[in-house]
Amino acid sequence: MIPVFHNCCIIFAVWNFKRGTRSKMDLKNNIELTIEQGVKEAVEELFGQEPVSGQIQVQKTRKDFTGDFTIVVFPLLKISQRKPEETATLLGEYLKNKLEVVHSFNVVKGFLNLELTNNYWESLFQDIYVQADFGIVKEPAAGNPFMVEYSSPNTNKPLHLGHIRNNLLGFSVSKILEANGHEVIKTNIVNDRGIHICKSMLAWQKWGRGETPESTGKKGDHLVGDYYVKFDQEYKKEINTLVEKGVAREDALKNAPLILEAQEMLRQWENGDEEVMNLWKMMNAWVYEGFDITYRELGVSFDKIYYESETFKLGKKLVEEALEKGILFKKEDGSVWADLTDDGLDEKLLLRSDGTAVYMTQDLGTAVLRYQDYHFDEHIYVVGNEQNYHFQVLKLVLKKMGYPWADKLYHLSYGMVELPEGKMKSREGTVVDADDLIAEMYNTAREMSEELGKLDDYEDEEKKEIYRKIGLGALKYFILKVDPKKNMTFDPRESVDFNGNTGSFIQYTYARIQSVLRKAKERRLKWGFQDGKPEVILESKEKELVKLIRDFAAIVREAGKNFSPALIANYTFELVKEYNQFYHDFSILREEKPEKRDFRLCLSEMTGRVIESAMNLLGIEVPERM
RNA sequence: GGUCCAGUAGCUCAGUUGGAUAGAGCAACAGUCUUCUAAACUGUAGGUCCCAGGUUCGAAUCCUGGCUGGAUCACCA
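Per our numbering, the very first residue in the first sequence carries number 7; after that it's consecutive.
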């Protein structure tokens, strides 16, 4: 997708290295490159042959071994013509003599473990600490914006758990791309027209008796959803009646009066019938009011919203033009199709025989409109994996229509959310409603907090704010920690567990850190690196924390490359686990040596800052107390 | 049937371009608060990385074949 950017970075760094113009900072932040270059020189000098790229492997030393970085020497044996241990030892001695940062080394089988100097880690940490937004690229890269489409609701029913995964993913991916220096336009396509909304409209017209959100006290999207259900119930009744009369089920499905009426309504809508339009506008307005509340509670937002009702006409026009050019073909009944059999796919319907548009029609129009509007460098569709085929076709049809930028469309395909007892089925009433779920998470957070009683001296408003952060944080983390492309199981019981690998655990650690910092301030302590602190010998736990903090920048890049909030989530969990161990094993404020105490305050503060940054990329807020 | 995706501890999930003894959390059991927040920490137990071949010095990771589960192939969106 966008590996170009990252490759450039590496090439740039190496180029600089060769010219010897790298600053001290670069050296520190690219310690792997420094080591790699050292190994390269060592191999040339010791064994008289230049290693090819990929032969030198520098990786982080695994926890159960001594050292910071490890060089795998197996690939170098062909050059060295020696045993693994011997090769590693020779390289280790060379590096220890040549590189100032190498303090010592050890060899285990074919692995050369390097331990860097205390001074390296300490000053690396100092460099990180003084950066305002460590790991985040602030100035946008040159080029056109990225567009991220997510949410994409139908306006005939309220949002459910599946939409929640979609919204959280889309919002977080947008944040992560921004953190990688891209300008991002968050966009939404509202499927506000089509047979689905006509069904709700028809049911309301027939059985609604003028009900409104105001008269019923129901959220607008829920009210409209109720009529969608009502339509389905009545439709089924009609089908059963027809079947009892001896009509084949298949024919009954197509010919039940209600469905014919709904189809007629859709035609009237496309013809701009005034009464239908007014009903449509009214009911959609109800839905938007409801959606706005859910979006606000989820904390997601959009920069530009497209409505299918505004893009489908362009879509139809594009289809008609392509038909004239002979790119598409018309069947006898008047329906228009794309023939994709040469590309290993099937034929795809683009206009029904009655001339009305289908889903694909509007998506063609929306894509073209968006390219006209923004000339995006990349367009990411956050849409479930059940639509993989749809996006394959969309890209292909756009290409056939002659739009080279079709290659810039990327379908970020995520897996289904299932419940422990299986898939959500509206028929069986097992669909988890988004609003209900958010409320449930809030309530559990409240109960849990009240039980622990740590917020008893807070005002009610402040308490509510914290419950909200905790409840929502738990929900978001639970969903975002799973690799997007995988199906996931949502266990309601597990999701409200606030122990272990959860959002609450991370928030708790943040609150803990803030508590220590507050107490330090109360004692009027000053920490930081402003006035040249004396050298501190790092405990191994402290060094581990520094290493993990350093990793944040690379994780943000990796997450951007893979469109994966899960990488951020799992990283943060690692960091927080490490910090809690450190917190448990060492004193901070009670540490007697001031320089050690101050360093630990810096370390704690920095950990807190990274937690906050990382959670921000997931759209999760962190509380000062909990 | 065609195409695509997945399969790792009882459950939910990690596991960077192939590297050392495959890791967490939950659940179970045993410990740790007179202390900077115990929503925490420590320990015990738990594995045929779906199966079989292949490539490699080295495979959970790559290739081939099979098994299982899911998605999709609609005049639904």
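All C-beta atoms, glycine included, are put in the ideal place defined by N, C-alpha and C.
Runs of alpha helix (DSSP H) with 4 or more residues, each lying fully within the region 546-580, are found at 546-568, listed in chain order.
Taking LYS354 as reference, the option from THR362, GLY168, ASP345 and THR613 with the minimal CA-CA separation is ASP345.
Taking all protein chains in view, the Cβ of SER510 is crowded by 16 or more other Cβ atoms within 10 Å, so the residue is classified as buried. The C-beta distance from ASN119 to THR67 rounds to 5 angstroms, short enough to fall under 8 angstroms. Spatial neighbours of LEU461 in its own chain (CB-CB distance under 6 angstroms, excluding positions within 5 residues in sequence) are listed in chain order as SER455 and LYS469. Closest in C-alpha terms to LYS115, from the list ALA94, LEU122, GLY226 and HIS109, comes ALA94.
For PHE53, the uninterrupted alpha helix (DSSP H) segment begins and ends at 37-53.
Ranking PHE504, VAL306, ASN246 and ARG452 by CA distance to the CA of PRO263 puts ASN246 first. Taking the C-beta atoms as reference points, VAL196 is found no nearer than 7 angstroms to TRP292. Nearest to TYR416 by C-alpha distance, out of VAL438, VAL388, MET422 and VAL437, is VAL388. Under the DSSP assignment, ASN290 falls in the alpha helix (DSSP H) whose first and last residues are 280-304. Shown here, TRP533 sits in coil according to DSSP, grouped into three states, outside any helix or strand. The way I'd put it, the region 177-192 does touch the region 380-396; three or more beta-carbon pairs between them come closer than 8 angstroms.
Taking a C-beta distance under 7 angstroms as the contact criterion, PRO490 and LEU101 do not qualify as a contact pair. Residue state for ASN162 is assigned as coil, using DSSP reduced to three classes. With a cutoff of 7 angstroms on beta-carbon distance, ALA451 and TYR483 are scored as not near each other.
Nearest neighbour of LEU595 by Cα position, chosen from GLY625, THR613, LYS532 and LEU554, turns out to be LYS532. Of the other Cβ atoms in all chains shown, fewer than 16 fall within 10 Å of the Cβ of LEU266; this residue is therefore exposed. With the rule of 3 Cβ pairs closer than 8 angstroms, the region 232-251 counts as touching the region 192-211. Judged by their CB atoms, GLU424 and THR495 are nearer to each other than the 7 angstroms cut-off.
Within the DSSP secondary-structure output, GLY390 pairs in a beta bridge with TYR420.
Considering only GLY60, GLU56, VAL64 and PRO57, the residue with the shortest C-alpha distance to LEU39 is VAL64. As far as DSSP is concerned, ALA451 takes part in no beta bridge.
Shown here, LYS144 sits in coil according to DSSP, grouped into three states, outside any helix or strand. Out of THR193, LEU96 and ASN36, the CA that lies nearest to the CA of PHE53 is found in LEU96. Looking at the DSSP output, GLU353 bridges to ASP345. The Cβ neighbour count for GLU627, taken over all protein chains shown within 10 Å, is at least 16; the residue is labelled buried. Of all C-beta pairs linking the region 550-562 to the region 579-587, three or more are shorter than 8 angstroms, placing the two stretches in contact. Relative to the Cα of LEU443, the nearest Cα in the group ASN261, MET288, GLY477 and GLU467 belongs to GLY477. The beta carbon of TRP213 sits closer than 7 angstroms to those of LYS236, all from its chain and outside the five residues before and after it, given in chain order.
Cβ contact annotation for THR161 (same chain, cutoff 6 angstroms, sequence separation greater than five): ASP198, ILE203, ASN290 and VAL293, in chain order. In terms of Cα proximity to SER432, the closest of LYS163, SER307 and GLN55 is LYS163.
In this structure, PHE117 places its C-beta atom within 7 angstroms of the C-beta atom of THR76. A contact between stretches requires three or more CB pairs, one per stretch, nearer than 8 angstroms, and the region 608-623 meets this requirement with the region 574-581. Secondary structure note for MET207: its alpha helix (DSSP H) is the uninterrupted segment 201-213.
In this structure, LYS310 is the residue among HIS590, LYS310 and GLU598 with its C-alpha nearest to the C-alpha of THR193.
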